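Asks: Can you read through this structure? Questions will come right after.
Numbering (the UniProt record's numbering), first residue to last: 1 to 876.
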């Protein structure tokens, strides 16, 4: 240890990182010192530390460089210096994945692993298992089994943890060493017991009955190790989700609330409040325990308790109300994170009268906390605005003050999202919200956020009381900002001109100036909008300025397919699916920095690429665009021998059924797997794509392509399905079949429903003028059907009716008509979509609530009378 002592003079020199300016080439040249005889332990340890530092900083070593350094390092085994030897083990672990022929140190590591020096043994085991492959595993198995039951807790723990890592090399390691792990489970050392339980669970996790037996045995004799007890609680929770309350698991978790270890008590409380089916009564004991932790002298316990209560307050605010007094005492806690969580929890559970006081208390220290907890505050305010809409002025003023503070993109985006959500949910807050956002973009340094706010101003500004007041803020962005922001500002200005004719002359002057911009995108946009806006009285101006967002990859694919045709008919843009819109995220707590997501393909685009790569399917869908992919539909129970799920892919004339299959039997290999369907009348099977092999627990996919019937009314049908395959018995350990020939077998599945919603893609474009579109459709001679229905007893609210109608019809809501005013007894729901083949659908549902009964008058407008009749008949 003398090597790590610092002289007085070195301490006076101050801190700093001594390895800050290391160069890889220089360090690797210094590694030649390892070949010196005798070995200088202190010098070699310093050089080896440099190598480890470079590797941990992400420095890339080539195979030759790593191999040379590794072989030089093996010369250090001749030294008996403890510090140097421990560093050598670390070096072996780091370089084993980079260097070649690392197996050469096996004998040295095996010698250290079985030697008498306990300081070497544990580290040697870890290093040896890092370089072990499938071929070497048998050679060290005897030593590993001995190490698992070794008298030294460090050696035993190292062997148990290494055996878990070795499951990546051979999946049955944990199962083969389960007897030794069972013996280690009786150890008095808390870490050995914890690691042994981990190995036993790994060995049995694929066999649900074996896990149940393990848990049942351990719950009777609760582990002495608090770590093992925490793991046992987590295993019990997983079993509760899978098999339900059949063996007293819930009682066991509740009994852990009375454990001596605070760690176990918190784990049990955390498990109870996070169980999916827990109600207010079930979580009562857990809330009581967390309330006691709120007054603990330990900051870690107070933080854990208040963070968990903060999460519970989102689903069971009434249950957390009992803790309000203790939470108010935490507002003045010296730990600002605890204080923040306490206040945000009170905001979710408190009364409207306490909002002002709590907001003042947050304001006193909000600038001192990290962005991570500022986001928690913002989310609490968002929930509060929904709960107490009359407090929107106070809350939005507080949010605007937070916008002016320093902060990162995620934090500022969270505030902007909250302001936008408040505006959408409360019409009275719209003017104030737009004003706050206009002030923010004056100093906004985040381009993506500025572009988004400008887009919002272009949508909402023209319908405000004084649209002209926002023009100055938008035009300032044209003068002062980057090209991306300038382009967004030009589009926003054009929307004001299109929607507000009095502003048209002035906006045209501004757009003409933008045609001199240095960026070609800005110039092109300005020229395009000027040309469109000068057609002053043309009713098509607004759709041209505010076109619906289309999926660019799908548009490109559709155009390529169109060019392969004779192009006698005009290109039908309605066949192109819309761009994926970002749904409002659920109200969840954020406790970590979220990375900005990169643009990605929509779900339909991903499926289209996958289907196009299969020759049989590519032929069936040639020159066709995927209209819609359904949600996943389970065709089996989760605990059956074979799991089969179905996704329906709808094209103009064909339906592709994708069956995702999993074989849960360890002793069986399935081959030539197909899902046989009995096509209903008028449906025709075009082709089937079988799955060649389906080993244990490996997913496989088979496809069936059906041609839709010409009669639209017959397209809604029920299809019986059966799983058919060639089964071959095999060795559960290796998966190798026992016999050359198998036997044919089949397994009955649930019936598959082809519904109306499978054939309709919703077009909930918020920019659509529904009344104008309805009038235009009627003028073109679209067929109109109208019928009155009394909805079922399961639908007893207007909100429930809206959700049921949109889910059943597959249409999407237009003009935000899914928002029902509080206490309303009637509501108009406007819906839009397209049926396969590009047939536009407009629907108007007038809903009336009488007691708990909902009456609906449904009107459908469509150019195809058969499609309109199908929609009405499906509802009836």
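Where a beta carbon is used, it is the ideal one built from N, C-alpha and C, also for glycine.
Everything numeric in this text was worked out from a predicted model, so none of it was measured.
Select from 412, 683, 561, 664 the residue whose C-alpha is nearest the C-alpha of residue 207.
Replies: Locating residue 207 in the chain shown gives position 207, counting from the first residue. Nearest of 412, 683, 561, 664 to residue 207, Cα basis: 664.
Asks: Taking residue 180 and residue 140 to be in contact with their CB atoms under 8 Å, please state how far apart those CB atoms are, rounded to whole angstroms.
Replies: The count along the chain shown starts at 1 and reaches residue 180 at position 180. The count along the chain shown starts at 1 and reaches residue 140 at position 140. Not really, about 14 Å apart at Cβ, beyond 8 Å.
Asks: Quick one: give me the first and last residue of the alpha helix (DSSP H) that residue 118 is part of.
Replies: Numbered from 1 along the chain shown, position 118 holds the residue referred to as residue 118. Unbroken alpha helix (DSSP H) run through residue 118: 118-131.
Asks: Using three-state DSSP, classify residue 703 as helix, strand or coil.
Replies: Numbered from its first residue, the chain shown carries residue 703 at position 703. Residue 703: strand per DSSP, three-state reduction.
Asks: Just the Cα atoms here: how many angstroms apart are residue 859 and residue 801?
Replies: Locating residue 859 in the chain shown gives position 859, where the first residue counts as 1. Locating residue 801 in the chain shown gives position 801, where the first residue counts as 1. Cα to Cα, residue 859 sits roughly 16 Å from residue 801.
Asks: Can you give me the C-alpha to C-alpha distance between residue 465 and residue 819, rounded to a whole angstrom?
Replies: As a first step, residue 465 must be located in the chain shown, where it is residue number 465. As a first step, residue 819 must be located in the chain shown, where it is residue number 819. Cα-Cα distance, rounded: 22 Å.
Asks: Between the alpha carbons of residue 37 and residue 27, how many angstroms are there, rounded?
Replies: Taking the chain shown and counting its residues from 1, the one referred to as residue 37 is at position 37. Taking the chain shown and counting its residues from 1, the one referred to as residue 27 is at position 27. Each residue's Cα considered, the two are about 19 Å apart.
Asks: In three-state terms, what does DSSP make of residue 746?
Replies: Start at 1 with the first residue of the chain shown, and residue 746 comes out as number 746. Three-state result, residue 746: strand.
Asks: Tell me where the alpha helix (DSSP H) around residue 799 begins and ends.
Replies: Position 799 of the chain shown, counted from the start, is the residue given in the question as residue 799. Run containing residue 799: 798-809, per the alpha helix (DSSP H) assignment.
Asks: Counting only the same chain and skipping the five closest in sequence on each side, list residues whose C-beta sits under 8 Å from that of residue 612.
Replies: As a first step, residue 612 is located in the chain shown; it is residue number 612 there, counting from the start. Closer than 8 Å at Cβ, skipping near neighbours: 618, 621.
Asks: Going by the CB atoms, is the gap between residue 645 and residue 660 shorter than 8 Å?
Replies: Counted from its first residue, the chain shown places residue 660 at position 660. Counted from its first residue, the chain shown places residue 645 at position 645. Their beta carbons are under 8 Å apart, which means residue 660 touches residue 645 by this criterion.
Asks: Taking residue 238 as the reference, give the member of 215, 254, 260 with the closest Cα.
Replies: Mapped onto the chain shown, residue 238 falls at position 238. Of 215, 254, 260, the residue nearest in Cα terms is 215.
Asks: Can you tell me the Cα-Cα spacing of residue 303 and residue 398, whole angstroms?
Replies: On the chain shown, residue 303 is found 303 positions in, with the first residue counted as 1. On the chain shown, residue 398 is found 398 positions in, with the first residue counted as 1. Distance between the alpha carbons of residue 303 and residue 398: 25 Å.
Asks: Would you kindly work out how many angstroms separate the C-alpha atoms of residue 65 and residue 99, rounded to a whole number?
Replies: For the purposes of this step, residue 65 is taken as residue 65 along the chain shown, with counting starting at 1. For the purposes of this step, residue 99 is taken as residue 99 along the chain shown, with counting starting at 1. Residue 65 and residue 99: Cα-Cα distance of roughly 8 Å.
Asks: Classify residue 583 as buried or exposed, calling it buried when 16 or more other Cβ atoms lie within 10 Å of its own Cβ.
Replies: Stepping through the chain shown from its first residue, residue 583 is reached at position 583. Confidence in residue 583 is poor, its pLDDT being 39 and thus under 50, which makes the residue's placement unreliable; the coordinate value appears in the next sentence. Exposed.
Asks: Does DSSP classify residue 753 as helix, strand or coil?
Replies: Translated into the one-based positions of the chain shown, residue 753 becomes position 753. Looking at residue 753 - three-state DSSP - the assignment turns out to be strand.
Asks: Write down the C-beta distance between residue 814 and residue 832 rounded to the nearest angstrom, noting that I regard them as a contact closer than 8 Å.
Replies: Position 814 of the chain shown, counted from the first residue, corresponds to residue 814. Position 832 of the chain shown, counted from the first residue, corresponds to residue 832. Sure, about 5 Å apart at Cβ, within 8 Å.
Asks: Residue 92 to residue 125, Cα distance in whole Å?
Replies: The residue you call residue 92 lines up with position 92 of the chain shown. The residue you call residue 125 lines up with position 125 of the chain shown. Going by the C-alpha atoms only, they are around 12 Å apart.
Asks: Under 8 Å: do the region 686-706 and the region 632-640 share three or more Cβ pairs, one atom per stretch?
Replies: Because the criterion of three Cβ pairs below 8 Å is not met, the region 686-706 and the region 632-640 do not touch.
Asks: Could you give the first and the last residue of the continuous alpha helix (DSSP H) run that contains residue 202?
Replies: For the purposes of this step, residue 202 is identified with residue 202 of the chain shown, where counting begins at 1. 190-204 is the span of the alpha helix (DSSP H), which, as asked, contains residue 202.
Asks: Between which two residues does the alpha helix (DSSP H) carrying residue 298 extend?
Replies: Looking up residue 298 in the chain shown gives position 298. Segment: none, residue 298 is in no alpha helix (DSSP H) and carries neither H nor E.
Asks: Taking 8 Å as the cut-off, decide whether the C-beta atoms of residue 626 and residue 649 are in contact.
Replies: Translated into positions along the chain shown, residue 626 becomes position 626. Translated into positions along the chain shown, residue 649 becomes position 649. Yes, they are a contact pair.
Asks: Under the assumption that residue 233 contacts residue 286 (Cβ atoms under 8 Å), give the Cβ distance between them as a whole number of angstroms.
Replies: Within the chain shown, the letter at position 233 stands for residue 233. Within the chain shown, the letter at position 286 stands for residue 286. Not a contact, Cβ separation roughly 12 Å.
Asks: Using the rule of at least 16 other Cβ atoms within 10 Å of the residue's Cβ for burial, across every protein chain shown, is residue 50 buried or exposed?
Replies: Walking along the chain shown from the start, residue 50 turns up at place 50. Buried, by the Cβ-count rule.
Asks: Would you check if the distance between the CB atom of residue 358 and the CB atom of residue 346 is smaller than 8 Å?
Replies: Residue mapping note: residue 358 aligns to position 358 of the chain shown, counting from 1. Residue mapping note: residue 346 aligns to position 346 of the chain shown, counting from 1. Yes, the pair counts as a contact, with Cβ atoms nearer than the cut-off.
Asks: For the alpha helix (DSSP H) that residue 326 lies in, which residues bound it at each end?
Replies: The sequence position of residue 326 within the chain shown is 326, counting from 1. Run containing residue 326: 324-329, per the alpha helix (DSSP H) assignment.
Asks: Alpha carbon to alpha carbon, what distance is there between residue 628 and residue 605?
Replies: In the chain shown, residue 605 corresponds to position 605, counting from 1. In the chain shown, residue 628 corresponds to position 628, counting from 1. Whole-angstrom Cα-Cα distance: 10 Å.
Asks: Assuming the contact rule is C-beta atoms closer than 8 Å, residue 452 and residue 490 should be a hit. Round their C-beta distance to whole Å, please.
Replies: On the chain shown, position 452 is the one that residue 452 refers to. On the chain shown, position 490 is the one that residue 490 refers to. About 15 Å; that fails the 8 Å criterion.
Asks: Could you tell me the boundaries of the alpha helix (DSSP H) in which residue 108 lies?
Replies: One-based indexing of the chain shown puts residue 108 at position 108. Its alpha helix (DSSP H) spans residues 106-114.
Asks: Start and end of the alpha helix (DSSP H) containing residue 445?
Replies: The residue you call residue 445 lines up with position 445 of the chain shown. Unbroken run through residue 445: none, as it is neither H nor E.
Asks: Would you kindly check if the distance between the Cβ of residue 54 and the Cβ of residue 82 is under 8 Å?
Replies: Here the question's residue 82 lines up with position 82 in the chain shown. Here the question's residue 54 lines up with position 54 in the chain shown. Against a cut-off of 8 Å, the Cβ pair of residue 54 and residue 82 comes out as no contact.
Asks: Helix, strand or coil for residue 626, going by three-state DSSP, please let me know.
Replies: By one-based count along the chain shown, residue 626 stands at place 626. Residue 626 falls in the coil class under three-state DSSP.
Asks: Where does residue 614 fall in DSSP's three states?
Replies: Against the chain shown, residue 614 aligns to sequence position 614. Three-state result, residue 614: coil.
Asks: Based on Cα-Cα distance, which residue from 773, 155, 168 lies nearest to residue 187?
Replies: Taking the first residue of the chain shown as 1, we reach residue 187 at position 187. Nearest of 773, 155, 168 to residue 187, Cα basis: 155.
Asks: Please confirm whether residue 114 and residue 89 have their CB atoms less than 8 Å apart.
Replies: Position 114 of the chain shown, counted from the start, is the residue given in the question as residue 114. Position 89 of the chain shown, counted from the start, is the residue given in the question as residue 89. No.
Asks: Determine, using beta carbons only, whether residue 717 and residue 745 come nearer to each other than 8 Å.
Replies: Position 717 of the chain shown, counted from the first residue, corresponds to residue 717. Position 745 of the chain shown, counted from the first residue, corresponds to residue 745. No, these two residues do not count as a Cβ contact at 8 Å.
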